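Numbered according to full-length UniProt numbering, the sequence shown spans residues 1 to 687.
All C-beta atoms in this analysis are idealised placements derived from N, C-alpha and C, irrespective of residue type, glycine included.
Bear in mind the structure is a predicted one, so any value in this text is a computation, not a measurement.
Single-structure report; data block below.
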Amino acid sequence: MDTVMAAVLRETGAFGGLLYVLPPGDNALWLVMVAGIPREFAVPWRRVALTDPMPVADAVRERRLVWIAGQEEMARQYPRPALVLPYDFALSAAPITSSVEVRGGLVLLWPGAHPPQLSPGERDAIETGCHRLGGLLQQAADRGDPLPPPGRPRTLSPPTGRTVPPSEAAAVTAFIDRLPGGSCALDTNGRITFVTPAAAGLLGADPADLVGALPWDALPWMDVPQVEDRYRAALVSRRPQAFTVLRPPDTWLSFELYPDPSGISVRITGTDSSEGAPASLSVPAAGPSRAVLLYHLMHLAATLTEAVGVQDVVDQTADQLLPALGAQGMVLMTSEDGRLKILGYRGYRAEVMERFDAVPLSLDIPGTRVLTSGVPSFFASFADLHRAHPSTVHEDGMAAWAFLPLIASGRPIGSLLLAYRRPHAFPPGERAVLTSLAGLVGQALDRARLYDSKHALAHRLQSALLPHSLPRVPGLNVAARYLPAARGLGIGGDFYDLIRLDQHIAAAAIGDVQGHNVDAAALMGQVRTAVHAHATVGAPPDHVLAGTNRLLTDLDPGLFTSCLYAHLDLAHRRACLATAGHPPPLLRHADGRTELLRVPPGLLLGIAPDARYPTLESALPPGCVLVLYTDGLVEAPGVDLDDATAALAGLVEHADPTALDAMADTLIRHAPTPGDDIALLLISPDA
């Protein structure tokens with residue numbers, strides 16, 4: 001396997017590669033070999049699901065060659081890997097097959113200077129290499145070798161450099177020592193393999209402490225993102241890099257990195273401390289270093305995964321991006337019915353946004369151009385912007401703009417505007433990072449819009465199934481509340497109902513269908529309808545629950561329901577109650593004493609078709625309040641249910657029984673943060 005992999009790299013001219021295997025019956029690729037780059041670089045992609053937005057996943061799933069010509073194309077098509085390796089390199093990913101079966105995938109890496117297209121010879125070499133690797137993987141499978149093999153991915157040793165004969169060694173050493181400054185060498189893992197005495201002197205360390213160590217480990221003052229970022233850039237792009245670092249207290253050192261397949265040669269020179277760091281080698285003043293920016297963006301990526309709605313995406317993007325990028329304005333836009341729609345903004349006046357909201361997409365302005373084309377635009381000054389869009393009026397007070405497409409499922413769904421109050425250059429590396437960022441925001445926005453649509457649908461369904469208003473029953477005061485769960489779609493199966501049966505008789509019901517989704521809400525509507533139907537024909541409480549239970553067991557929805565039903569005889573001031581596994585009601589007497597009505601328990605609805613539901617008779621004295629509720633009002637993690645119910649009784653006891661709406665608000669306000677729905681029904685006969 002090593003020989004074939006080395007041959008593929010040699011024949012294609014690639015400097016690095018990753019070999020993945022697809023175990024039989026698995027839905028993920030496993031990394032088994034790394035060549036040309038440190039194994040740590042590939043750790044984020046040790047396992048790649050076939051559904052992941054990654055080049056190798058697309059290549060294997062679609063059985064085609066994927067070619068990424070450079071940094072900006074990677075940022076547009078695959079923002080996730082582009083964020084972790086925001087450097088200029090080219091990449092191919094190809095499926096590895098044997099006969100007709102896919103065995104894995106091969107990823108190859110080239111320097112950023114590679115031509116925009118693969119040559120016919122490179123394509124042939126990739127195809128031949130994949131065929132040979134497929135045969136080897138087939139043989140391994142036939143032998144019963146585990147795929148992937150246990151342990152970490154293997155690392156293919158880099159090619160060795162030219163062997164220096166003894167006669168040249170002294171001359172080489174003398175040549176290096178005569179050069180100004182100092183020199184050292186790093187292997188492909190970043191460890192120092194050689195250091196001259198002059199370099200050790202500039203670094204202020206003993207050569208013995210440096211050889212074999214990572215620079216940022218051996219020298220604490222080099223443990224800054226800028227240093228490792230430039231090393232990674234040199235190794236991945238295979239292009240020279242330069243940076244300066246301050247060696248405390250006041251010594252500026254300049255580093256030049258020259259990579260090749262065997263490692264990196266480093267030149268170190270001191271600079272005049274009175275001049276500070278040379279501008280050509282220091283981090284550009286246009287923005288934060290790429291590594292620092294990367295950390296901010298990774299944090300944004302993590303927070304965007306938790307965004308549950310469009311407004312969440314707007315807020316998270318603005319909160320994270322503006323300080324990280326040094327930008328002062330942000331606008332999130334999409335299209336709706338052929339017009340531009342402003343979803344949210346930060347750093348702009350409302351009147352400016354109102355002028356652009358709902359303008360036709362055919363209008364030649366940057367916000368619509370990027371949305372329709374999917375191509376980013378960067379303007380370092382208003383002069384640049386005016387040249388591209390002559391009709392643009394400078395009215396936002398900004399001096400530089402980046403218009404970025406929001407891509408989801410391969411199509412533009414919106415655009416992101418980042419604005420700066422001062423002219424701002426957008427070097428290629430920063431453009432690629434910003435485009436990657438927009439890809440993440442686009443995916444989050446796509447999820448958020450879907451969530452908002454489901455949320456709106458769920459609430460319309462919930463509103464349709466719950467009573468729009470409770471009937472007026474002479475001699476009876478009522479108050480009801482419903483509070484959706486704080487998590488998920490905000491929809492569930494809790495319900496309540498009040499049914500007027502005749503002039504002096506009413507019925508009340510409250511219940512809770514298992515689950516917090518559309519299925520639970522739909523079943524809740526069926527349960528409420530069944531209870532209502534049985535009640536209106538005059539059935540007693542036990543028959544109402546028994547009939548509803550038979551219906552549910554016949555439907556076999558796979559969900560269970562708790563329910564409490566109360567038959568209220570206002571003429572005789574009596575209540576008859578039956579329960580199907582529901583929390584017991586509270587009865588507050590006129591003197592404030594509150595008791596728990598221990599209704600004999602019955603099985604949850606939908607378990608056994610012949611279940612019976614015993615009843616409890618209770619008086620309804622003048623001035624009393626009957627409190628019916630679902631478990632969301634009392635249940636909380638780590639809280640004993642009896643204690644929670646006693647606390648609820650205490651609130652009821654101290655509330656004003658003549659102001660049921662105020663009592664309901666008090667009980668809801670003191671409920672636990674709702675991880676579950678809450679339904680509440682308060683009933684009080686006239687004194």
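4 or more residues per run - each alpha helix (DSSP H) lying fully within the segment 368–411: 382–388
Three-state secondary structure assigned by DSSP to Tyr420: On the sequence shown, position 420 is the one that residue 420 refers to. Residue state, collapsed to three classes: strand.
task: Identify which residue in Asp124, Pro685, Pro249 and Ala28 has its Cα closest to the Cα of Ala479.
output: Numbered from its first residue, the sequence shown carries residue 479 at position 479. If we check each option's Cα against that of Ala479, Pro685 comes out closest.
field: Alpha-carbon to alpha-carbon, Gly414 and Pro153
entry: To locate residue 153, count along the sequence shown from 1; it is residue 153. To locate residue 414, count along the sequence shown from 1; it is residue 414. In a straight line, the C-alpha of Pro153 is about 40 Å away from that of Gly414.
task: Using three-state DSSP, classify Cys576 as helix, strand or coil.
output: Here residue 576 is taken as the residue at index 576 of the sequence shown, counted from 1. Looking at Cys576 - three-state DSSP - the assignment turns out to be strand.
field: Where the alpha helix (DSSP H) through Val172 begins and ends
entry: Translated into the one-based positions of the sequence shown, residue 172 becomes position 172. Looking at the DSSP string, the run of the alpha helix (DSSP H) that includes Val172 is Pro166 to Arg178.
- request: Within 10 angstroms of the Cβ of Glu122, are there 16 or more other Cβ atoms? Answer buried if so, exposed if not.
  value: As a first step, residue 122 must be located in the sequence shown, where it is residue number 122. So Glu122 counts as buried.
query: What is the C-beta distance between Arg339 and Leu371, in whole angstroms, given that I count them as a contact (C-beta under 8 Å)?
result: Counted from its first residue, the sequence shown places residue 339 at position 339. Counted from its first residue, the sequence shown places residue 371 at position 371. The Cβ separation is near 11 Å, so there is no contact.
- prompt: So who's on the other strand from Asn477, going by DSSP bridges?
  reply: Looking up residue 477 in the sequence shown gives position 477. Answer is Ser684.
task: Tell me, to the nearest whole angstrom, how far the beta carbon of residue 702 is from that of Gly144; I am working on the premise that it is less than 8 Å.
output: This structure does not reach residue 702, given that the chain is present from 1 up to 687, and the question cannot be answered.
query: Should the segment 353–368 be regarded as contacting the segment 388–408, the criterion being three or more beta carbon pairs within less than 8 Å?
result: yes
query: Which first and last residues belong to the alpha helix (DSSP H) in which Trp216 is found?
result: The count along the sequence shown starts at 1 and reaches residue 216 at position 216. First-last of the alpha helix (DSSP H) with Trp216: Pro215 to Ala218.
field: Distance, Asp665 Cα to Ala636 Cα
entry: Position 636 of the sequence shown, counted from the start, is the residue given in the question as residue 636. Position 665 of the sequence shown, counted from the start, is the residue given in the question as residue 665. Going by the C-alpha atoms only, they are around 19 Å apart.
message: What does the Cβ neighbour count give for Asn27, buried or exposed, with the cut at 16 atoms within 10 Å?
response: Working through the sequence shown from its first residue, we reach residue 27 at position 27. Flag for Asn27 reads exposed.
- request: Since I believe Ile126 is in contact with Thr3 (beta carbons under 8 Å), could you give me their beta-carbon distance rounded to a whole number of angstroms?
  value: On the sequence shown, position 3 is the one that residue 3 refers to. On the sequence shown, position 126 is the one that residue 126 refers to. So it is not a contact: roughly 17 Å between Cβ atoms.
task: Look up Gly592 in the DSSP assignment and say whether it is helix, strand or coil.
output: As a working mapping, residue 592 is identified with position 592 in the sequence shown. Looking at Gly592 - three-state DSSP - the assignment turns out to be coil, as it is neither helix nor strand.
message: Quick check: Ala75 and Thr435, are their CB atoms within less than 7 Å of each other?
response: The residue labelled residue 75 in the question sits at position 75 within the sequence shown. The residue labelled residue 435 in the question sits at position 435 within the sequence shown. Closer than 7 Å, so yes.
task: Give me the Cα-Cα distance between Ser280 and Val224, rounded to the nearest whole angstrom.
output: Within the sequence shown, numbered from 1, the residue matching residue 280 stands at position 280. Within the sequence shown, numbered from 1, the residue matching residue 224 stands at position 224. Low per-residue confidence applies at Ser280: pLDDT is 38, beneath 50, and the placement is therefore not dependable, though the value from the model is reported in the following sentence. Taking the straight line joining both Cα atoms gives about 19 Å.
message: With the cut-off set at 7 Å, would you say Ala566 and Ala508 are in Cβ contact?
response: Along the sequence shown, one-based indexing puts residue 566 at 566. Along the sequence shown, one-based indexing puts residue 508 at 508. Against a cut-off of 7 Å, the Cβ pair of Ala508 and Ala566 comes out as a contact.
- request: Could you check the C-alpha separation between Leu136 and Gly212 for me, to the nearest Å?
  value: Numbered from its first residue, the sequence shown carries residue 136 at position 136. Numbered from its first residue, the sequence shown carries residue 212 at position 212. Roughly 36 Å separates the two Cα atoms.
message: Can you tell me which residues form a DSSP beta bridge with Glu256?
response: The residue given as residue 256 occupies position 256 in the sequence shown. Partner(s): Ala242 and Arg267.
message: Let me make sure I understand the geometry here. Which of Pro261, Ala174 and His504 has the alpha-carbon closest to that of Arg574?
response: Here residue 574 refers to the residue found at position 574 of the sequence shown. Among Pro261, Ala174 and His504, the Cα nearest to that of Arg574 belongs to His504.
message: So, at 6 Å on beta carbons, what are the nonlocal neighbours of Gly276 in its own chain, with the 5 sequence-adjacent residues on each side left out?
response: Position 276 of the sequence shown, counted from the start, is the residue given in the question as residue 276. Bear in mind that the predicted position of Gly276 carries a pLDDT of just 45, short of 50, making it unreliable; the figure below should be weighed with that in mind. So the list is empty, once near-sequence residues are dropped.
- prompt: Shortest alpha-carbon distance to Ala659 belongs to which of Ala644, Cys624 and Gly632?
  reply: The sequence position of residue 659 within the sequence shown is 659, counting from 1. Considering only alpha carbons, the answer is Cys624.
- prompt: Between Gly36 and Ser237, which are expected to be in contact by the criterion C-beta below 8 Å, what is the C-beta distance as a whole number of angstroms?
  reply: Against the sequence shown, residue 36 aligns to sequence position 36. Against the sequence shown, residue 237 aligns to sequence position 237. With a Cβ gap of about 13 Å, Gly36 and Ser237 do not count as contacting.
Backbone CA spacing between Ala200 and Ser335 [nearest angstrom]: Taking the sequence shown and counting its residues from 1, one reaches residue 200 at position 200. Taking the sequence shown and counting its residues from 1, one reaches residue 335 at position 335. C-alpha separation (whole angstroms): 60 Å.
query: Who are the Cβ neighbours of Leu633 in its own chain at under 7 Å, not counting the five residues just before and after it?
result: To locate residue 633, count along the sequence shown from 1; it is residue 633. Cβ neighbours of Leu633 beyond the five flanking positions: Leu648, Leu667, Ala671, Ile678 and Leu680.
task: Provide the residue(s) that pair with Arg339 in DSSP beta bridges, ordered along the chain.
output: As a position in the sequence shown, residue 339 is number 339, starting the count at 1. Arg339 pairs with Glu336 and Pro360.
query: Would you say Gly410 touches the ligand NAD, meaning its beta carbon is less than 6 Å from a heavy atom?
result: In the structure shown, the ligand NAD is absent, as is every other ligand, since no ligand is present at all.
task: Quick one: measure Cβ to Cβ for Leu83 and Ala301, integer angstroms, because I've assumed they're closer than 8 Å.
output: As a first step, residue 83 is located in the sequence shown; it is residue number 83 there, counting from the start. As a first step, residue 301 is located in the sequence shown; it is residue number 301 there, counting from the start. Right, the Cβ-Cβ distance comes to about 7 Å (below 8 Å), so this counts as a contact.
query: So does the segment 184–192 actually touch the segment 254–268, counting three or more Cβ pairs closer than 8 Å?
result: yes
message: Quick check: Tyr20 and Leu9, are their CB atoms within less than 7 Å of each other?
response: Indexing the sequence shown from 1 puts residue 20 at position 20. Indexing the sequence shown from 1 puts residue 9 at position 9. Cβ distance not < 7 Å, so Tyr20 and Leu9 don't count as in contact.
task: Verify whether the separation of the beta carbon atoms of Ala408 and Gly442 is less than 7 Å.
output: The residue labelled residue 408 in the question sits at position 408 within the sequence shown. The residue labelled residue 442 in the question sits at position 442 within the sequence shown. Contact: yes.
Beta-carbon contacts of His394 that lie in its chain and below 6 Å, excluding the five residues immediately before and after: Here residue 394 refers to the residue found at position 394 of the sequence shown. Taken in chain order, the residues that qualify are Phe382.
- request: Could you say if the segment 41–48 and the segment 67–74 meet the contact criterion of at least three C-beta pairs nearer than 8 Å?
  value: no
query: Where does Phe560 land, buried or exposed, given buried means 16+ other C-beta within 10 angstroms?
result: Translated into positions along the sequence shown, residue 560 becomes position 560. Per the 10 Å Cβ criterion, buried.
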